[in-house]
Structures are given as structure tokens and as C-alpha cells.
Amino acid sequence: MESQVENAIQIAANPTSSQELRGQAIEYLNQLRAEGSAWQAALTLFARDPRPTDFVRHTSLELVNNAIQEHRLDEQSLAYIKDTLMGYIHASYVPGSGAADTSHIQNKLMQTVTYLFVALYPSSWQSFFDDFRSLAGDQSTIGNVNTATTLLYLRMLGQVHDEIADQLVARPDDEKKRNTELKDLIRQRDAQKISLSWQEILAKWRETDLNLVEMCLRTIGRWVSWTDINLIVNQAMITTFLEMAGQQGIGDPESAAGKVRDAAIDTFSEIVGKKMSPADKIELITFLNLSEVVGQLISSPALADFNSSNYDNDLAETVAKLVNNIVFDIVKILENEAVEEHIRQRADDLIRIFTPYLLRFFADQYDEVCSTVIPSLTDLLTFLRKLQKKSGSIPPQYAAVLPPVLDAIIAKMKYDETASWGEEGEQTDEAEFLDLRRRLHVLQQTVTAIDEPYYIETLSRLVNGTFGRLSQGDQSLNWRDLELALYEMYLFGELAVRNQGLYAKREPSSAAAQQLVTMMNSMVESGLANYPHPAVQLQYMEICVRYYQFFEQNPNLIPKVLENFVNLTHSQHVKVRSRSWYLFQRLVKHLRAQLGNVSYDIIQAVGDLLTIKAELPDTSEDEMSSDEEDQSADALFNSQLYLFEAVGCIASSNTVSVENKKLYAQTIMSPLFNDMQQTLPQARNGDERAILQIHHIIMAIGTLARGYSDWVPSNNNSAVPQSEVAEEFVKASEAILVAVESLNSSGSIRHAARFAFSRMIAVLGSRLLQQLPSWIEGLLSLSSSMDEISTFLKVLGQVIFTFKSEIAGILDTVMSPVLQRIFTALAVVPSGTDDEIQLAELRREYLNFIVVVLNQGLGSVFVSNANQATFEPIISSIETFARDTHDYPTARLAIFVLIRMVSVWGGPDKVGPGANATPTSPDTAQAPLPGFDNYVVDKFSPLAWSIPASQGFNSKDAQAKQVLFETANLQHEIIKKVGESYVDRLKSDLGGMGVGDDGADQYLRTLAGSFEGPKKEKEWRNFYVQFVDRMLASRG
């Protein structure tokens, strides 16, 4: 059988084998794994001499492992595997035995041995560790005579740890219990002997293979978390660790000596990280003399010279990890209120010793090193914050920590001297730096919370000092200094502008706000806007927009800041240019009321940027970097739209006369109309660039309209303001409609037109209504997708809400065409998941549209002479949605629509508190629909039974229960409006369903009681749900 297994493995591994043959081989091997029957052949194959290929041997061990793990071999079979493998190891790993196994075969072999350990160590293989230890040699030979078996011994120890003690692996409870028992057995039987073997290996470390020494140290670091610390922490071991960690003159950190040094320091970290009582932890840190160890490492040549090419950043990161662990544990002791005073005092002493070391690595030029100690620095600051909150201040011994911490945070926030900004190939480094900045910001916020006055003083000194140096022409100042000052100034706003803003009653609102105003004055006076670096220019604009209130209070500075922004909108740097267009729009939107007589000058100054030149996307490259995406023609056009909104804001300022508002609109839009007129013939002929040009022009007009008026309707502000430029935008609307009519098959043109239509509502005012039929015809064409129709229905609902007092006649005219287009789209059978999602969305928007019409008192259009033919299809569609068990939210909405219909068209209340009362609500004031009460009883009443009886309806589902609650509300509304005739119908229905007289009486009493207040209404809904549950259960 061995030859069959070997042959199958070789075929499966051979890329030149036919696909069919490889498939058969793999299927055969999978079958062997599933059956667990090939382990004997596989074991023989692994141990065979001459050896098969490594791939065959590796796969053979995999088959053995599978049998051990999955098929629970009996004790005799496990013993046979153990004896065979140990025999192989004795024969193959003694000196002079020939070629050793490769590393990956050794690892696989030790994995198999570890699985045997788990199965046999508790009972029949108690000599497991002794057997491997004896292979490695006695005290005089271990490590430096038979290196191969010592390495194998250490590999075995590593595998045992991974199998039973690795905390990163999620394990089932039975496995956790097994592992705990195994660790207890090891501690009782072998831990002391294993520790002694480590000491024996490391005692001769200078004469031993350093790769083996490193492996021994890594093994100790892993085992220390769950073995007795006293077995490792003794004077002999610590002396050895110190010798290794303190090695000097290591030129190559990747050398074997360098790796041993780093492993020794990591071992210290693991020892310190072991869980123990506060007293024991303080004793351990002191016994290890870690303050001296860290101090010597920091002063060593490898770490002493920051700027030297010999600086060992890997060593720095390793020592930083040790410091991080130490500080973490000390802070945890300080936070523990149950700790005895003398222990707390010793922890206090240690934190003062280690804080300078912590800050040394926090300030390291390498961000990886800095990041290593951020967790413990965060813990330290959080501890100080708790002290501050508890007593109002922090003790003097801790207060001295804050200044160097804040100085270090600020220094780390500065771009490195070697860093460039915005260059190709630097995006990854910059992204990592920005992520570090975010983490540093959190630390800075904590410092602020601990000592706000000191933070304000420090930041003010930094920012004002930097701007002062700029004003004085300091040649040593570079873009990194300025960018840091601006970045810190931006963050400073979180403190200065919180709550009531920068100003309160025209005065700075706080001490921080006062300092920020000073910073703003320093920035403006320094001429910073003219500094040529893009990072500085961008931060300058962000600052001006963030603190626009400063300019509101200092209007004399507005012309200058606008001039600076206009200059930057023309920047040759693509990032600055595109971002400045957005920020320019933000600034003028804030300051539009104070632009004064500079409006025309500004519009003229940016006029050359309003020329639209559509470019088809470049498809030459499949993938683009994020930076290249920022520079794409589409991204730039989206930024250009902000300019159109900005000039709309400027042109519509209250300080601009009506005549000039119209003039500016004409000046901006006339070139767009001419361009559209000239491009339209090419677009009609299918020219893609011409179609894109038309799309861009329409989008620009819509965005300009939003700039002229960003009014949106609301319940408190439903009347559209009087537009002084309506006539100009009527022309724009007509031009867009011509384009839509000509290019109706283009989805991008319809999208742009829909975008413009929604934004022109406020500037067109009621004049929009005259064009509404044309807009509907263009935007609800046969080419429109379900998604487009859904979106347009939202916009149409907004129009109805805005012009409810004027739209009735127009709505009556357009309702049937709108509904016919909706019905056509609803009838489409979805062909995939996306279609199903769009169809569900269309159903909801259709129902919401009906609700909007009803809520605005326009329900009569649904039953007018012009639209009577659509009434039954409307009701039929709503009933269908109400019974849809695949979409409960829509079903609930459909029932709600029926409730609104009953409320609007049902006439005065006949039951409940409102019965026979004078109508007061808009619903009851509307004229009832003749005969609607009988129609409701015939059409809506059966839904109370047909909805829960629908195939697939699950009354236990939470969403289905909401549908039933809404159905109960429908019955409540029907009886309120219809009265006795509905009671008769319910009696008849209940009797027909086999409900006795008592049950029917209880049903009707509970429904009648629902008019007695919210509590009774809730009882009725719950009663109805329980009634449905019983009915469904009785039907099986």
C-alpha cells in the first residue's frame, strides 16, 4: 500500500500530471484521510530508508496526524507510532547519521510528536520530556555537541507550548480543560528539569550555535507565561540574560549575535508581562534591575546616536517593547486602590525612573518605535486624568511628567525631516504618519483634560512663535514647522470653539477662544497664504473655513482672505486646486452676508475656472492609485461644481442688488446655454464626449441654482421664498428640458436633469409647476430604471409638499401618466438581487408618494374624472403589497396607506371620542368619498384575515408582528369611520371562521375598548396578534 500512497502523493504534487489524473490522486488521498486507514503505510513511508521526497514525507506525516487527531487510535496503535518515530529520531539525529531533516520536516515531525504527547503523556509516556532531553545530551554536551538534537528538543518544547498554552488560539471548553490538566502535570513532573536544561544551554552561550541560543530564549519567553517564575528568575539565568542583552559592538542587527541580543530583551519583556501580585511584580522589576538594564541599552552606541547610520531601530523597538510592558504594569499597580502604601510608594519611584525612558522611545525618530510605547503612555495619562478628576489636580511628582509628554507629542506630530509631502510613491508612508497623528491626537486630548491651562499656553507659544518667525523672515523656518503650527491650530479649535462657538456677544467665548483669536491675527499678519508649499496652503484654507467666525467679527479682513482663496483656486498643484474649490465654496457660504461690493470682482476672478470641458475617463489602466483618482477628470469636475455653488452664493448675497443678481445669473449661464446648443447636435449623433459635456453643463446649472438658494422645505418652513432670478432659471429649465427630450435614452443625462430639477425648485418657485408635465415626461420615460423612478418620486413628493396650495390642477393632469409609468415598472420581473432590491425600494417610494398626496389634502386627484381609471389598480397594488410575506416592512407600509385612505375619505368619525364632533383635523375636514364606507368594508375588511393567512406568513417573526399590529390599527380606523355596518361584518366573519358567540363578543369588546386611550389601544393590538396566533395554530 506504501507504493500506492507514494504514487498518489507524487501525482498530486506534479504540475505536469494531467488534470484528470491529479484529480483522481487528490480524491484518493482525501478518501484515505476520511477513512483514517492509511496511517501505517504513511508512517512506514516517512521513516523509510532511502528517504522519499520531502513532499511525500510531509504528506505522510499529515496522514498520520489526521489518524491521531480524528480517529482516536487505540493505545497500542499510538504506542506503535511513538516507538517508530522515536526509533527514527534516534537513528537519524545522532552525530554522523548523515543529512539532517529540513526545518519544515522537523517542524512537522514535532507536530506529530506533540499530538502523541497530548494523547500519551498523562498515562503511558511520562518520560516524554526526559526522552528528548537525553537525546540532546547531558549537562556537558547539551547545546554544543549534538546541536541537531538540541534544536529538535527546543522545537518540541515550542510545539508543546503552541498546542496547549497559546492564548491567541480560540479553543472549545473540553480542549481548554485538557490543556489545563496537561500544564498542571508538566509543572509537577518536568518543569524544573526543563528549566535546568535551559540554564545548561545558556550557560555556555558564547561557545554555542547562536541560532540555537536564540531559539532557547524564544522558548523561555513563551513558557514563562504559564510556568513557575522562580524556575527562570534566578541569579544565574538573569546574569546570562544581562550578558546577552548588553552585548556591544554588534554591527549587523540581523546577525546571529544581534538576534540573540534582541531575544534576550524580549525574554525580559515576557518575564515582566507575567501575571502576578503587585508586590511580586514590583519585587521582580527591582530584582531584574531593569532600570539599569534599560539605561545601559539606551546609552549603548547602537541607540545613543539618533542621526548615525549605525542607529539600530530594531533594537530600539525591542527595548521600547520592554519599557512599554514595565510601565504598563507599574501604572496598573498605581491604579489599584487596594495596593498597600509601601508598594504604591515603590511603584511611584519606579514610574519616575521609567517615564524618561518611555519618553525617549516615544520621541524616537522611527514611528514604529514610537507606536510601541503609545499603549503604556496612554495608560499613564489616563491614570493621571483619573487623579485629576478625583482631586481637582494631580500631585506634584506627576505634574512634572506633563510638560515633557506634551512636548514629545507635539514634536512627533511634525513631519520628519526626511519626509516629503504628496509625492508619488510616498502615499503609504504618509498614510501611516497620518494614522500615527490620529493616535497622538488622542494623547494630546488627554493631556488637555489633565491640565487645560498648560495646554493652551504651550500651543499658543508654538503657533504664535512660528508665525512670528515667518513674519521676521527666519530662514531656518521650513514648511514642516508651518504645517505643524497650522495642524495644531486646527486641533485647538476642539477646545476653543466647543459649545457656544468662538464668540459670545462679540467677545471670545473662553480663554482658549481668546488665544485662538490671537493665533488667527498672527496667521493673517504673517502673510502665510503666500507660502509656496501645498501642505501649508491647504492647511491655511482649512483653518480659514473652520474659524470663519473670526472673519465675521473682522469683516475688514474678508477681502484679503477672499483674494488669497481666489489665488489658490488657480494653483498649479492639482490637490490644492481641487480642494480649494470646495473650501472656497464653504467660506463664501459662511460669509455671503458680508461680501459687500466685492461680489462682482470675485465672480470675475474665478470666471475662467467655470469653463466646462468634459473628458472621457481614461481606461488605459485598470487600476489607479488614490492620488491618481484625485486627479481624474471626473473628480476634478465634481470639485468644479463647488465653484458653481460658490458663485451662486456670492451672486445671491443680500448685499447684491436685484438687477445685479439677474446680471450675474445671465453672465454665468449664457456661456453654458451657448455651449449646450452647440454640443447638442453631436450628442444626438451619439458622441460620448458631447453627451458627457451636456451632462456636466446640466449638473453645473443645478449646482448654481443651489448656490442661489439652498432653501429646503420643512414643516416649519414650507413656503418657498420669493426668487428674484426665477426668470433666468426658467430659461435654464427650458434648455435642460430640450436636452432631456433629445437625449432621453441616456441615463447620465436623466440623472443630471433629475439632479438639477431637485435643486431648481427653490429658485423657480411656482413657475416650476408650468413645466412639471414636461419634467415628468422627460424623467419618467420608458428608459428610466426602477432606481430612477424611486428617486424622482421623492423629488416629486418634495414638489407636492412645497406647492400643495397651487399644484392640485397640475397634479390632476400628470397623475395618470405618473402612475402608469410606476405600474409598468412594478410589473417587471426582477432578474437578480440588484433588481429585487430596486423593486422593493420602488414599492416603498410609490407607497410613500401616495401618503404624501393624501397628507397634503390632495387625495381627490386619485378619484377625479381624469384619474378614476387608476383607482382600482392603486388599491389592488396596495393589497398585493400588504400580503407580501417576503417584505414585511413594505407590507406594513401598505396597510398604513390604507389606514390613511380610510381616515381621509371615510368622513366624520362614527365611533370613538370624535364621533358627532365638529371636524377639526385636516383629515376630517376633507369631503368624504361617497360610498367609500361600503367599499372599505368590502375591500379592506377581509385583509384582517387574508394577510395572516398568506402563504409563508410567520406570526412569530418580529417584523411580521409589526404587520399584524398595523392590521389591528386598520380595523380600529375602519370601525371609527364606518361604525355599525363594520361590526356586523366582523360578526359574520368571525362566525364564518368558527368563533363562538363568547369569542366574538370578546373580540368586539376589545376592539371597542381601543378608543379608551393608548393603553387600551395597545391591549387591542396584542389581543389581535394572540387571536391570529390561535387561529393559525388551530389550522395546523
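Residue 1 is where the sequence shown starts when you use the UniProt record's numbering, and the numbers rise one by one after that.
The C-beta atom is built at its ideal place from N, Cα and C for all residues, glycine as well.
Based on DSSP bridge pairs, tell me the residues matched to P508. Y503
Below 6 Å CB to CB, which residues in the same chain sit around V213 once its five sequence neighbours on both sides are set aside? W205 and V260
What separation, rounded to the nearest whole angstrom, lies between the Cα atoms of S831 and R754? 26 Å
Would you list, in sequence order, the uninterrupted alpha helix (DSSP H) runs of no fewer than 4 residues that lie entirely inside the segment 775 to 818? 786 to 802
Just how far apart, CA to CA, sit Q126 and D162? 20 Å
Verify whether the separation of the beta carbon atoms of E788 and R843 is less than 8 Å. no
Kindly indicate the opening and closing residues of the alpha helix (DSSP H) around F433. Q427 to I450
Just to confirm, is the Cβ distance from L858 to L811 under 8 Å? yes
Just how far apart, CA to CA, sit I612 and I668? 12 Å
State yes or no: is the C-beta of E525 nearer than 7 Å to some heavy atom of the ligand SAM? This structure lacks the ligand SAM, and indeed carries no ligand of any kind.
Are the segment 384 to 391 and the segment 431 to 441 touching by the rule of at least three beta carbon pairs closer than 8 Å? no
Where L538 sits in the DSSP three-state scheme: helix
With Y547 as the anchor, note down where its alpha helix (DSSP H) starts and where it stops. First-last for Y547: undefined, no H or E at that position.
How would you write the range of the alpha helix (DSSP H) that Y490 sits in, first residue to last? W479 to A496
Is Q572 helix, strand or coil when you go by DSSP? coil
Please name the residue, chosen from M786, K956, Q111 and E292, that lies closest to V828 on a Cα-to-Cα basis. M786
Distance check for F965 and Y1024, CA to CA, integer angstroms please. 8 Å
Which residues in the same chain have their Cβ closer than 8 Å to the Cβ of Y582, if we skip the five residues on either side of it in sequence? S639 and Y642
Going by DSSP, what residue range makes up the alpha helix (DSSP H) through Q76? E75 to S92
So what does DSSP say about P413, is it helix, strand or coil? It should be noted that the sequence gives Met, not Pro, for residue 413. If DSSP states are grouped into helix, strand and coil, M413 belongs with coil.
With DSSP collapsed to three states, give me the class of G158. helix
Between the C-alpha atoms of V852 and Y548, what's the straight-line distance to the nearest angstrom? 39 Å
Pick helix, strand or coil for W226, following the three-state DSSP scheme. coil
When we look at the beta-carbon of V442 and count the other beta-carbons within 10 Å, is it buried (16 or more) or exposed? exposed
Closest to K910 by C-alpha separation, out of S864, A511, K977 and V963, would be which residue? K977
Assuming L528 contacts F467 under a Cβ cut-off of 8 Å, what Cβ separation, rounded to an integer in Å, is found between them? 7 Å
How is S625 classed by DSSP in three states: helix, strand or coil? Caution applies to S625, whose pLDDT of 44 falls short of 50 and renders its modelled position unreliable; the value that the coordinates give is listed next. S625: coil per DSSP, three-state reduction.
Give the secondary structure of D349 by DSSP, where H, G and I count as helix, E and B as strand, and everything else as coil. helix
If you draw a straight line from the alpha carbon of D622 to that of A605, how long is it in whole angstroms? For D622, the predicted structure reports a pLDDT of 45, less than 50, and the residue's modelled location is therefore unreliable. A value from the coordinates is still provided. Distance between the alpha carbons of D622 and A605: 38 Å.
Return yes when the Cβ of C544 is within less than 8 Å of the Cβ of V561, no when it is not. yes
Determine the closest residue to I26 out of Q444, Q4, S723 and H90, with distance taken between C-alpha atoms. Q4
Where V145 and Y153 are concerned, what is the direct C-alpha to C-alpha distance, given to the nearest angstrom? 14 Å
Grab the span of the alpha helix (DSSP H) containing V853 for me, first residue to last. T833 to N855
Assigned exposure category for L616 - 16 Cβ within 10 Å defines buried: exposed
Look up R51 in the DSSP assignment and say whether it is helix, strand or coil. coil
Endpoints, alpha helix (DSSP H) assigned at D166: Per DSSP, D166 belongs to no alpha helix (DSSP H) and is neither H nor E.
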